[in-house]
Amino acid sequence: MTAVWIDDEAAVAAAPPEAAQKAVKIEREAHKLEKRLCRLVGQAIVDFNMIEAGDRVMVCMSGGKDSYGMLDILMKLRQRAPVDFELVAVNLDQKQPGFPDHILPDYLGRLGIPFHIETQDTYSIVKEKVPEGKTMCSLCSRLRRGILYRVARELGCNKLALGHHRDDMLQTFFLNMFFGGKLKGMPPKLISDNGEFTVIRPLANVAEKDLVRWAEHRQFPIIPCTLCGSQENLQRKQVGNMIREWEKKHPGRIENMFTALQNVVPSHLMDGTLHDFKNLKPTGVPDDDGDKAFDEESFPSPGLPGLQVVQL
Ligand code: SF4
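Counting in the working numbering, the sequence shown runs from 517 upward without gaps.
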């Protein structure tokens, strides 16, 4: 653990000055991180109208750092939210070998939050159906989706919260572009494919590195995600590494790319279904904000916070 809350003020006062200073610094950093996480999640909830009065939100818990962080922050926000809503934490125990099935019930029980553990042996089904050496993820996630919809229905939930964060969303955007030939990301809010539920991603604005730090600070009992033995998606891994390398060389690039996802200009792309290129006609009226067709685009100088000149 790299950070702890300091509960015992007397202990801090009695500590040698250097240790006390360090403790205060850690406390301050943790407090700043908590505030940032709450602000970013709150902003996503407001911007995309994710949670409304009377909602019963099923928080999908995998046992990974992201879902723990999501539940933690949603619980904090619930206490001060201007609207009343309910949270129900749900974990699907897929009977992967070695899955420690006491960890989540123990943790959620201590939180005092309504929760449900659904036990369904999808692992055996997937093992039986998918030939050895082939990736199991597509069948596994299809089965999981169906079960989670049923559980949400049985628990009376109208919304499902998933723990994907900003970096997941960017990775998906590039995966779709590189391998799927589509400009398509991971939406912060959508309607489930069966038309029944609203699916929300409250961590949409949150950087993965902040979730790593928060998980360390809160000492979440993380369950490893490799239990099924399936190989991590190689393409996603490559794209993740690519984005991290860009960020290392050009700090601020992730932020810029993420901002770009929220500033789409269909008239400057090439999708005729989003912009009617065929029937485009001069209006004869000058427009100061119009397109300067022959001018070079200019970009802010490097060094401005959050803005980087494009360099590949
Ligand atoms: S990594 Fe394992 S548990 Fe996750 S979707 Fe793939 S097969 Fe299922």
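Heads up, the beta-carbon is just placed ideally off N, CA and C, and yes, glycines get one too.
ask   = Can you give the Cα-Cα distance for Q687 and E724, rounded to whole angstroms?
value = Counting from 1 along the sequence shown, the entry for residue 687 is found at position 171. Counting from 1 along the sequence shown, the entry for residue 724 is found at position 208. Distance between Q687 and E724, taken at the CA atoms: about 12 Å.
Distance between beta carbons of R572 and G672, contact taken as under 8 Å = Mapped onto the sequence shown, residue 672 falls at position 156. Mapped onto the sequence shown, residue 572 falls at position 56. In this structure G672 is in contact with R572, their Cβ atoms being roughly 6 Å apart against a cut-off of 8 Å.
task = Going by DSSP, name the residue or residues bridged to F631.
result = As a position in the sequence shown, residue 631 is number 115, starting the count at 1. In DSSP, F631 forms a bridge with A605.
ask   = Is the closest heavy atom of ligand 1 to the C-beta of M566 under 7 Å?
value = Counted from its first residue, the sequence shown places residue 566 at position 50. The answer is no for M566.
query = In this structure, does DSSP put A731 in helix, strand or coil?
reply = Residue mapping note: residue 731 aligns to position 215 of the sequence shown, counting from 1. In the structure shown, A731 sits in a helix (DSSP, three-state: H, G or I).
C-alpha gap between Y584 and D622, whole angstroms = Position 68 of the sequence shown holds residue 584. Position 106 of the sequence shown holds residue 622. If I take the Cα positions, the gap works out to 13 Å.
key: For C576, the first and last residue of its enclosing beta strand (DSSP E)   = Along the sequence shown, read from residue 1 onward, the residue named residue 576 stands at position 60. DSSP places C576 inside the beta strand (DSSP E), whose first and last residues are R572 to C576.
inquiry  = What residue range does the alpha helix (DSSP H) around L678 cover?
reply    = Residue mapping note: residue 678 aligns to position 162 of the sequence shown, counting from 1. Boundaries cannot be given for L678, as no alpha helix (DSSP H) includes it and DSSP labels it neither H nor E.
Selection from E602, F736 and F810 that minimises the alpha carbon distance to F631 = In the sequence shown, counting from the first residue as 1, residue 631 sits at position 115. In terms of CA proximity to F631, E602 leads the group E602, F736 and F810.
ask   = If you pair each beta-carbon of the region 590-602 with each one of the region 543-562, do three or more pairs fall below 8 Å?
value = Short answer: they touch.
ask   = What runs of the alpha helix (DSSP H), each 4 residues or longer, lie entirely inside the region 534-598?
value = Listed in chain order, they are 581-596.
inquiry  = So that I know if they touch, is there some Cβ in chain B lying closer than 8 Å to that of G570?
reply    = Going by chain labels, chain B is absent from the structure shown, which holds only one protein chain.
query = For the beta strand (DSSP E) that K705 lies in, which residues bound it at each end?
reply = On the sequence shown, residue 705 is found 189 positions in, with the first residue counted as 1. It spans K705 to I707 - the beta strand (DSSP E) in which K705 sits, taken as one unbroken run.
message = On the DSSP bridge list, what partners appear for I739?
response = In the sequence shown, the residue the question calls residue 739 occupies position 223. Its beta-bridge partners do not exist; DSSP assigns none.
task = Give the DSSP bridge partners of T714, in chain order.
result = Taking the sequence shown and counting its residues from 1, the one referred to as residue 714 is at position 198. Residue pairing from DSSP places T714 in a beta bridge opposite K675 and I707.
query = Three or more beta-carbon pairs under 8 Å between the region 675-685 and the region 713-732, yes or no?
reply = Output reads yes: the region 713-732 touches the region 675-685.
ask   = Going by C-alpha distance, which of I619, R544 and N607 is nearest F736?
value = Translated into positions along the sequence shown, residue 736 becomes position 220. The option with the nearest alpha carbon to F736 is I619.
Residues near E568 in its chain [Cβ-Cβ closer than 7 Å; skip 5 each side] = Residue 568 sits at position 52 when you count from the first residue of the sequence shown. Hits under 7 Å: V599.
task = Check whether the Cβ atoms of A731 and I739 lie closer than 8 Å to each other.
result = The count along the sequence shown starts at 1 and reaches residue 731 at position 215. The count along the sequence shown starts at 1 and reaches residue 739 at position 223. It is not a contact, given that the beta carbons lie outside the stated cut-off.
ask   = How is E648 classed by DSSP in three states: helix, strand or coil?
value = Taking the sequence shown and counting its residues from 1, the one referred to as residue 648 is at position 132. In the three-state reduction of the DSSP assignment, E648 falls in the coil class, being assigned neither a helical nor a strand state.
key: V781, buried or exposed, once every other Cβ within 10 Å from all chains shown has been counted against 16   = Here the question's residue 781 lines up with position 265 in the sequence shown. Exposed.
inquiry  = For Q793 and G806, I'd like the C-alpha separation in whole angstroms.
reply    = Taking the first residue of the sequence shown as position 1, residue 793 is located at position 277. Taking the first residue of the sequence shown as position 1, residue 806 is located at position 290. For the record, residue 793 in the displayed sequence is Phe; it is not Gln. If I take the Cα positions, the gap works out to 15 Å.
ask   = Using the beta-carbon count (16 or more within 10 Å), is T799 buried or exposed?
value = What you label residue 799 is simply residue 283 of the sequence shown in a count that begins at 1. A residue is called buried when at least 16 other Cβ atoms come within 10 angstroms of its Cβ; T799 does not meet this threshold and is exposed.
query = So what does DSSP say about D803, is it helix, strand or coil?
reply = Position 287 of the sequence shown, counting from 1, holds the residue named residue 803. Three-state result, D803: coil.
message = In whole angstroms, give me the CA-to-CA distance for V575 and D811.
response = Counting from one through the sequence shown, the residue named residue 575 turns up at place 59. Counting from one through the sequence shown, the residue named residue 811 turns up at place 295. Going from the Cα of V575 to the Cα of D811 covers about 49 Å.
ask   = Within this structure, are the beta carbons of Q564 and P767 separated by less than 8 Å?
value = Here residue 564 is taken as the residue at index 48 of the sequence shown, counted from 1. Here residue 767 is taken as the residue at index 251 of the sequence shown, counted from 1. The sequence given here places Phe at residue 564; Gln does not occur at that position. It is not a contact, given that the beta carbons lie outside the stated cut-off.
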